[in-house]
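Undergrad: Questions regarding the structure given below will be posed in turn.
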Amino acid sequence: MPEALERAFAELALGAEPVPADPVAVRAWLDRSGVSADDAAAILDDGADRLFVYRTLIRATLRDAVECAIPRTMHRLGGVFDEYFTRYLSEVGPRSRYLRDITTELLDFCAPLWPDDPRVPPWAMDLARHEAVQIVVASELARPLGAEPGVLDLDTPVRFIDAVRLMSYDHAVHRLSDRLDDRTPPAAEPTRLLVYRSPEHDVRYLQLTPLAAAILERLLAGDALGAALLDATRSTGTELGESVLAGTAALLADLAERGALVGSNRPPERMTT
Amino acid sequence: MSSTERSLNGVGLGLRWEFLEEVLAAPELGLAFWEICPENYMHRGGYYPYALGRIAEREPVVTHGLTLSIGGSEPAPLDYLHELRDEIRRVGAPWHSDHLCFGNAGPRMLHELLPLKQSSANAQRAAERLRRARDVLGVPVLVENITWYAHPGRREMPEADFITEVVERAETGLLLDVNNVWVNAQNHGFEPRAFIRALPLDRVRQIHVAGHTRTPSGLILDTHGEKVVDPVIDLLGFTLEHTGPMPVLLERDNQVPELPELLDEVGRLRAAYDRAMTRREAPLARSA
């Protein structure tokens, strides 16, 4: 029954630290997985030590992928990070065929847990998300444009490239050094960044004011430009006047210049009969 | 250039991000082809797919996947196969290959080439998967023999028979990794040339060569992280003598050295390739 051996390998690789030298523990592990008595006997006869090599190989591959994406977070958290990585493997495990997705999966697992753990600094998730977004934006699939983007107007949603993310942090993690041994805590400072991939394939970061972030948040959610402006000014307590309109026009022109914004999402023309 | 427009016989190299820029900037490097891991380029945008696209325009590329899970209990999802098909078309690969293994347990992806129990039932299932993959991908799908460190259960047949049953049932080609044969021979104590002779060599369509690492316990791991050792090069020559001209690939995935060093290693393999072809032709020349 192949499913039983697959379950056995999954527990071996992702579960609690096994004891290969203990035949009773090995037998219990194989029984839990539903491995047949004959296969279990053969594994025990051969000695399970070499089977346990796969645990080391799999965990090293997964850990390397995460370290490639969020090295500073891992180094700063040290053993606490290892603990959560172990829990993630055991409780959820990787779901994507693409190794690059494992960091996002891991952080989604940690996000509700870290705020309740006093050992995890309050800036840790900000730093982790900030590190991880680099690979996310660098590798975001660019879908074909489809219909030709139109000219911006207040009644139409704005069209951005796919490789763009609006990041919101409570700490200025973007100002930390890249050094792995740096333990300087980031300043507690609300921070909003637009992260996008340039036409030259570089990942770029643009720091935003609260109003600019509020406008872009709504535009990225698909609101029409006029509605986004009304909502954003209301939520930030800003008067919607000439200066806001001029500032928004400048922001959008700048984003178009940078290649992050491609035009308006003109709705399809209605069929007439 | 479409890879089908010319023979890929000779020695190629695994295309790695570490030297992608150099390849883009270099003129002809004299390689028979490049091989890529499609999962590194599929379902993504940005620089790497862009660079690969430019290379594929001028040089042949074949695809060698990691996550088809040919022997897994669940078939690969159709959306993955469609994305893989699109990637194969994008680079113009004349065939695709993946490993005779499984890589997931239900929804949990283990990201490792895990050994199958060597049984007729597993051979039959793997063959069905290969046929399905070929139908969806639209190109021949070769299957590669893996390195395995322990057999998961009671063996029902020798590994060579298992591989043979898979490729015969699937009516497909074999990607013969001679380093994997050599590593398995060392780890499990058998004679590698006898193993190769027991395979259906008329089904070999490509050969892989790589380096490996010996651990303190004596177990040898297929790391692709060191130079190819002489016994593996000798085994390559032996194999080529039997198969004839063939696309041969040097794999290097860890501790990737500078490109010139890799090209030197390609040169060593090419010399072994040429010697094997000379030996293969010699009896024919004598009888002419």
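These protein sequence lines map, in sequence, to chains Z and E.
Using my numbering, the final residue of the first sequence is 274, and nothing's skipped along the way.
Using my numbering, the final residue of the second sequence is 659, and nothing's skipped along the way.
The C-beta atom is built at its ideal place from N, Cα and C for all residues, glycine as well.
Keep in mind it's a predicted model, so treat the numbers as computed, not measured.
Give a yes or no on whether 8 Å exceeds the smallest Cβ distance from residue 151 of chain Z to chain E.
TA: Taking the first residue of the first sequence as position 1, residue 151 of chain Z is located at position 150. Not one chain E Cβ lies under 8 Å of residue 151 of chain Z.
Undergrad: Please list the partners that residue 141 of chain Z has in chain E, where partner means a Cβ-to-Cβ separation under 9 Å.
TA: Locating residue 141 of chain Z in the first sequence gives position 140, where the first residue counts as 1. Listed by position along chain E, the residues whose Cβ is nearer than 9 Å to that of residue 141 of chain Z are 415, 416, 417.
Undergrad: Relative to the C-alpha of residue 172 of chain Z, which residue among Z/136, Z/113, Z/194 is closest?
TA: For the purposes of this step, residue 172 of chain Z is taken as residue 171 along the first sequence, with counting starting at 1. Closest option to residue 172 of chain Z, Cα to Cα, is Z/194.
Undergrad: Would you mind stating whether residue 648 of chain E and residue 618 of chain E have Cβ atoms separated by less than 8 Å?
TA: As a first step, residue 648 of chain E is located in the second sequence; it is residue number 277 there, counting from the start. As a first step, residue 618 of chain E is located in the second sequence; it is residue number 247 there, counting from the start. No, the pair does not count as a contact, with Cβ atoms beyond the cut-off.
Undergrad: Any C-beta of chain Z sitting closer than 8 Å to the C-beta of residue 644 of chain E?
TA: Your numbering for residue 644 of chain E matches position 273 in the second sequence. Judged by the 8 Å Cβ criterion, residue 644 of chain E is not in contact with chain Z.
Undergrad: Please work out which residues of its chain come closer than 7 Å, Cβ to Cβ, to residue 200 of chain Z, disregarding the five sequence neighbours upstream and downstream, and give them in chain order.
TA: For the purposes of this step, residue 200 of chain Z is taken as the residue at position 199 of the first sequence. Within the same chain, residue 200 of chain Z has close Cβ partners 260.
Undergrad: Per DSSP, what are the beta-bridge partners of residue 208 of chain Z in this structure?
TA: Against the first sequence, residue 208 of chain Z aligns to sequence position 207. For residue 208 of chain Z, DSSP records a beta bridge to Z/194.
Undergrad: Would you verify that the beta carbon of residue 257 of chain Z is, or is not, closer than 8 Å to some beta carbon of chain B?
TA: Checking the listed chains, one finds no chain B in this structure; the protein chains it contains are Z and E.
Undergrad: If we ignore side chains and look at the alpha-carbon of each, how far apart do residue 218 of chain Z and residue 138 of chain Z end up?
TA: As a working mapping, residue 218 of chain Z is identified with position 217 in the first sequence. As a working mapping, residue 138 of chain Z is identified with position 137 in the first sequence. Approximately 17 Å, taken between the alpha carbons.
Undergrad: According to DSSP, is residue 390 of chain E helix, strand or coil?
TA: Along the second sequence, read from residue 1 onward, the residue named residue 390 of chain E stands at position 19. Helix at residue 390 of chain E.
Undergrad: Does the Cβ-Cβ distance between residue 24 of chain Z and residue 45 of chain Z come in under 8 Å?
TA: As a position in the first sequence, residue 24 of chain Z is number 23, starting the count at 1. As a position in the first sequence, residue 45 of chain Z is number 44, starting the count at 1. Contact flag set, yes.
Undergrad: Here's the rule I'm using: 16 or more other beta-carbon atoms within 10 Å means buried, otherwise exposed. How should residue 77 of chain Z be labelled?
TA: The sequence position of residue 77 of chain Z within the first sequence is 76, counting from 1. The residue is buried, with at least 16 neighbouring Cβ atoms inside 10 Å.
Undergrad: With DSSP run on the structure shown, which of helix, strand or coil describes residue 404 of chain E?
TA: Position 33 of the second sequence holds residue 404 of chain E. Note: residue 404 of chain E maps to coil in three-state DSSP.
Undergrad: According to DSSP, which residues form a beta bridge with residue 169 of chain Z?
TA: Numbered from 1 along the first sequence, position 168 holds the residue referred to as residue 169 of chain Z. Note: residue 169 of chain Z sits in a beta bridge opposite Z/193.
Undergrad: Can you list, in chain order, the residues of its chain with a C-beta nearer than 8 Å to that of residue 50 of chain Z? Leave out the 5 residues immediately preceding and following it.
TA: Residue numbering aside, residue 50 of chain Z sits at position 49 when the first sequence is read from its first letter. Closer than 8 Å at the Cβ level, and outside the excluded window around residue 50 of chain Z, lie 21, 22.
Undergrad: Provide the residue(s) that pair with residue 225 of chain Z in DSSP beta bridges, ordered along the chain.
TA: What you label residue 225 of chain Z is simply residue 224 of the first sequence in a count that begins at 1. DSSP lists Z/158 as partners of residue 225 of chain Z.
Undergrad: Ends of the alpha helix (DSSP H) at residue 535 of chain E?
TA: Taking the second sequence and counting its residues from 1, the one referred to as residue 535 of chain E is at position 164. Counting along the chain, the alpha helix (DSSP H) containing residue 535 of chain E begins and ends at 530-541.
Undergrad: Of the choices E/587, E/628, E/513, whose alpha-carbon is the least far from that of residue 574 of chain E?
TA: Translated into positions along the second sequence, residue 574 of chain E becomes position 203. Considering only alpha carbons, the answer is E/513.
Undergrad: Quick one: is residue 269 of chain Z near chain E, going by C-beta distance under 8 Å?
TA: Residue mapping note: residue 269 of chain Z aligns to position 268 of the first sequence, counting from 1. Here residue 269 of chain Z scores only 48 on pLDDT, less than 50, and its place in the model should not be relied on; the value that follows carries that caveat. No - not a single Cβ of chain E is within 8 Å of the one on residue 269 of chain Z.
Undergrad: Among E/588, E/551, E/558, E/446, which residue has its Cα nearest to the Cα of residue 504 of chain E?
TA: As a first step, residue 504 of chain E is located in the second sequence; it is residue number 133 there, counting from the start. Among E/588, E/551, E/558, E/446, the Cα nearest to that of residue 504 of chain E belongs to E/446.
Undergrad: Does DSSP classify residue 340 of chain E as helix, strand or coil?
TA: Nothing about residue 340 of chain E can be read from this structure; chain E reaches only from 372 to 659.
Undergrad: Are the beta-carbon atoms of residue 593 of chain E and residue 518 of chain E separated by less than 8 Å?
TA: The residue given as residue 593 of chain E occupies position 222 in the second sequence. The residue given as residue 518 of chain E occupies position 147 in the second sequence. Contact: yes.
Undergrad: For a minimum of 4 consecutive residues, which ranges assigned as the alpha helix (DSSP H) are wholly contained in the segment 7-62 of chain Z?
TA: 24-34, 38-47
Undergrad: Roughly how many angstroms separate the alpha carbons of residue 508 of chain E and residue 246 of chain Z, rounded to a whole number?
TA: As a position in the second sequence, residue 508 of chain E is number 137, starting the count at 1. As a position in the first sequence, residue 246 of chain Z is number 245, starting the count at 1. The alpha-carbon atoms of residue 508 of chain E and residue 246 of chain Z are separated by roughly 52 Å.
Undergrad: Verify the CB distance criterion: does residue 393 of chain E have a CB-CB separation below 8 Å to chain Z?
TA: Taking the first residue of the second sequence as position 1, residue 393 of chain E is located at position 22. Taking Cβ atoms only, chain Z never reaches closer than 8 Å to residue 393 of chain E, which makes this a no.
Undergrad: Pull out every residue of the segment 88-116 of chain Z whose Cβ sits closer than 7 Å to any Cβ of chain E, in chain order.
TA: 94, 95, 96, 97, 98, 99, 100
Undergrad: Under three-state DSSP, which class holds residue 374 of chain E?
TA: One-based indexing of the second sequence puts residue 374 of chain E at position 3. Below a pLDDT of 50, predicted positions are generally treated as unreliable, and residue 374 of chain E, at 45, falls in that range; the measurement from the model is reported next regardless. Residue 374 of chain E falls in the helix class under three-state DSSP.
Undergrad: From the beta carbon of residue 137 of chain Z, is the nearest beta carbon of chain E less than 8 Å away?
TA: As a position in the first sequence, residue 137 of chain Z is number 136, starting the count at 1. With 8 Å as the cut-off, residue 137 of chain Z does not count as an interface residue toward chain E.
Undergrad: Could you give the distance in angstroms between the alpha-carbon of residue 460 of chain E and the alpha-carbon of residue 406 of chain E?
TA: Working through the second sequence from its first residue, we reach residue 460 of chain E at position 89. Working through the second sequence from its first residue, we reach residue 406 of chain E at position 35. Roughly 14 Å between the two C-alpha positions.
Undergrad: With a threshold of 8 Å, are at least 3 pairs of Cβ atoms found where one atom belongs to the segment 109-121 of chain Z and the other to the segment 82-92 of chain Z?
TA: Contact check between the segment 109-121 of chain Z and the segment 82-92 of chain Z: three or more CB pairs, one atom from each, fall below 8 Å, which counts as touching.
Undergrad: May I ask which residues mark the beginning and end of the alpha helix (DSSP H) holding residue 565 of chain E?
TA: The count along the second sequence starts at 1 and reaches residue 565 of chain E at position 194. Element bounds for residue 565 of chain E: 563-568.
Undergrad: Suppose the cutoff is 8 Å on Cβ atoms and the five residues either side in sequence are ignored; what does the same chain contact list for residue 94 of chain Z look like?
TA: Here residue 94 of chain Z is taken as the residue at index 93 of the first sequence, counted from 1. For residue 94 of chain Z, where only same-chain residues beyond five positions count, the Cβ hits under 8 Å are 11, 15.
Undergrad: Using a Cβ cut-off of 8 Å (strictly closer), state whether residue 68 of chain Z contacts chain E.
TA: For the purposes of this step, residue 68 of chain Z is taken as residue 67 along the first sequence, with counting starting at 1. False, the Cβ-Cβ gap to chain E never drops below 8 Å.
Undergrad: How would you call residue 274 of chain Z, buried or exposed, if buried means at least 16 neighbouring beta carbons within 10 angstroms?
TA: Within the first sequence, numbered from 1, the residue matching residue 274 of chain Z stands at position 273. Since pLDDT at residue 274 of chain Z reaches only 47, below the 50 mark, its modelled position is unreliable, and no value is offered.
Undergrad: Does the beta carbon of residue 32 of chain Z sit closer than 8 Å to a beta carbon anywhere in chain E?
TA: By 1-based counting over the first sequence, the position of residue 32 of chain Z is 31. For residue 32 of chain Z, the answer is no, since every Cβ of chain E falls outside 8 Å of its Cβ.
Undergrad: Could you tell me which of Z/237, Z/250, Z/127 sits nearest to residue 153 of chain Z, measuring between CA atoms?
TA: Counting from 1 along the first sequence, the entry for residue 153 of chain Z is found at position 152. From the listed residues Z/237, Z/250, Z/127, the smallest Cα separation to residue 153 of chain Z is found for Z/250.
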